[in-house]
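Engineer: Let me begin by handing over the structure; questions about it come next.
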Amino acid sequence: MYPPSFRYYRASSLAEAISLLQREPEARLLAGGHSLIPAMKLRLAAPPALIDIGRVPELKGIRRQDGGWAVGAMTTHREIEFSDLPLLAEVAGHVADPPVRNRGTIGGSLAHADPGADYPAAVLALGATIVAVGARGERSIPADQFFQGLFATALQPGEVLREVQVPALGRGFGWAYEKFPHPASGYAVAGVAAVVQAEGGVARQVRVGVTGAAASAFRARAVEEALTGRALEEGAVQAAVEGAFDPDQLLSDAFAPADYRAALCRALCRRALLRAWQRATA
Numbered sequence: 001m002y003p004p005s006f007r008y009y010r011a012s013s014l015a016e017a018i019s020l021l022q023r024e025p026e027a028r029l030l031a032g033g034h035s036l037i038p039a040m041k042l043r044l045a046a047p048p049a050l051i052d053i054g055r056v057p058e059l060k061g062i063r064r065q066d067g068g069w070a071v072g073a074m075t076t077h078r079e080i081e082f083s084d085l086p087l088l089a090e091v092a093g094h095v096a097d098p099p100v101r102n103r104g105t106i107g108g109s110l111a112h113a114d115p116g117a118d119y120p121a122a123v124l125a126l127g128a129t130i131v132a133v134g135a136r137g138e139r140s141i142p143a144d145q146f147f148q149g150l151f152a153t154a155l156q157p158g159e160v161l162r163e164v165q166v167p168a169l170g171r172g173f174g175w176a177y178e179k180f181p182h183p184a185s186g187y188a189v190a191g192v193a194a195v196v197q198a199e200g201g202v203a204r205q206v207r208v209g210v211t212g213a214a215a216s217a218f219r220a221r222a223v224e225e226a227l228t229g230r231a232l233e234e235g236a237v238q239a240a241v242e243g244a245f246d247p248d249q250l251l252s253d254a255f256a257p258a259d260y261r262a263a264l265c266r267a268l269c270r271r272a273l274l275r276a277w278q279r280a281t282a
């Protein structure tokens with residue numbers, strides 16, 4: 001099926017992209033196109049205009065900065081997969097397949113906020129910050145506040161997601177991502193990202209992000225609280241995840257009922273935490 005007709009613009013700078021959004025307030029930004037274009041072809045989305053940001057230099061690349069990394073919104077999954085970024089490099093290798101990873105971008109994935117996408121779990125576990133820019137200036141949005149429901153984010157009309165700021169994880173930190181993918185689409189039926197900081201034989205910090213299981217990604221705070229200050233031995237981790245993930249708070253759909261998703265989350269959370277702890281204490 002062909003999409004409805006639309007106006008097409010190609011921005012050459014971030015300032016031009018913001019200006020075009022002011023002129024075309026109903027326009028959609030085109031990044032890698034792997035989510036938006038299929039939706040348009042199925043007529044699930046019909047924006048009157050597209051603004052192509054694929055050649056905006058300010059949105060590309062990975063750079064070191066004080067206290068961590070800045071990942072441009074137009075950085076591809078493949079670039080991230082072969083980078084030194086903590087956790088994100090591992091997660092990027094789980095995204096779809098090589099052709100998609102060659103064109104899809106982290107900014108496009110986060111802005112689209114598909115409930116089965118991989119990056120949302122990672123940015124929550126990392127405590128990342130999403131930087132948005134618009135005509136009124138720049139905003140820094142904590143990942144905990146970014147995902148606001150099914151395909152909904154804290155981005156405001158006219159804003160462009162510029163970069164993702166990721167803290168540096170030094171000695172004593174470990175991370176892992178575990179995913180149960182849908183066999184056809186590759187999206188997460190459930191996915192769990194974990195970051196732990198080991199100090200003195202116990203976990204000083206535990207962060208767990210979950211994707212695929214609910215309308216939007218979320219933190220497994222009960223698990224985090226149960227394990228902070230403890231050694232992440234198998235028995236402790238098993239006990240922490242056992243009572244977590246209430247099926248009443250999870251999705252039931254054509255891919256999996258909520259109780260199955262809850263069981264998946266517990267198993268994946270256990271694996272991710274044990275692997276992260278092993279890395280943190282190695």
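Those letters in the sequence shown? Residues 1 to 282, by the working numbering.
By construction, the Cβ of each residue, glycine as well, lies at the ideal position given by its N, Cα and C atoms.
Three-state secondary structure (DSSP) at Val71?
Structural biologist: Val71: strand per DSSP, three-state reduction.
Engineer: In its own chain, which residues sit with a C-beta less than 7 Å from the C-beta of Arg271, not counting the 5 before and 5 after it?
Structural biologist: If we look at Arg271 and ignore the five residues flanking it on each side, its Cβ neighbours are Glu178.
Engineer: For the stretch 105-179, which segments carrying the alpha helix (DSSP H) assignment without a break, of at least 4 residues, lie completely within its bounds, in sequence order?
Structural biologist: Within the stretch 105-179, the complete alpha helix (DSSP H) runs of at least 4 residues are 106-112, 119-126 and 143-146.
Engineer: Tell me the rounded alpha-carbon separation between Thr76 and Thr211.
Structural biologist: The straight-line gap from Cα to Cα measures roughly 20 Å.
Engineer: Count Cβ pairs between the stretch 168-188 and the stretch 41-57 that sit closer than 8 Å; are there 3 or more?
Structural biologist: Output reads no: the stretch 41-57 does not touch the stretch 168-188.
Engineer: Go through its chain and collect everything with a Cβ distance to Arg78's Cβ below 8 Å, but skip five positions before and after it.
Structural biologist: Closer than 8 Å at the Cβ level, and outside the excluded window around Arg78, lie Ala92, Pro98, Arg101 and Asn102.
Engineer: Residues in its own chain within less than 6 Å of Gly108 by CB, not counting five upstream and five downstream?
Structural biologist: Here the set comprises Ala31 and Gly32.
Engineer: On the DSSP bridge list, what partners appear for Phe218?
Structural biologist: For Phe218, which the question treats as bridged, DSSP gives the partners Val210.
Engineer: Can you have a look at Asp246 and say buried or exposed, based on whether 16 or more other CB atoms are within 10 angstroms of its CB?
Structural biologist: Exposed is the call here.
Engineer: Tell me the DSSP bridge mates of Glu199?
Structural biologist: DSSP, once it has assigned bridges, lists Val202 as partnering Glu199.
Engineer: How many Å lie between Ala45 and Ser35 at the Cα?
Structural biologist: For Ala45 and Ser35, the distance between alpha carbons rounds to 10 Å.
Engineer: CA-CA distance, Ala11 and Arg139?
Structural biologist: Between Ala11 and Arg139, the C-alpha separation is close to 21 Å.
Engineer: Measuring CB to CB, does Leu161 end up less than 8 Å from Ala111?
Structural biologist: Going by C-beta atoms, Leu161 is nearer than 8 Å to Ala111.
Engineer: With DSSP as the reference, identify every bridge partner of Tyr8, one or two as the case may be.
Structural biologist: Leu50.
Engineer: Across the stretch 119-128 and the stretch 80-89, are there enough close Cβ pairs to call them in contact, namely three or more that are closer than 8 Å?
Structural biologist: Yes: the two stretches touch, three or more of their Cβ pairs being nearer than 8 Å.
Engineer: Does DSSP put Arg55 in a helix, a strand or coil?
Structural biologist: If DSSP states are grouped into helix, strand and coil, Arg55 belongs with coil.
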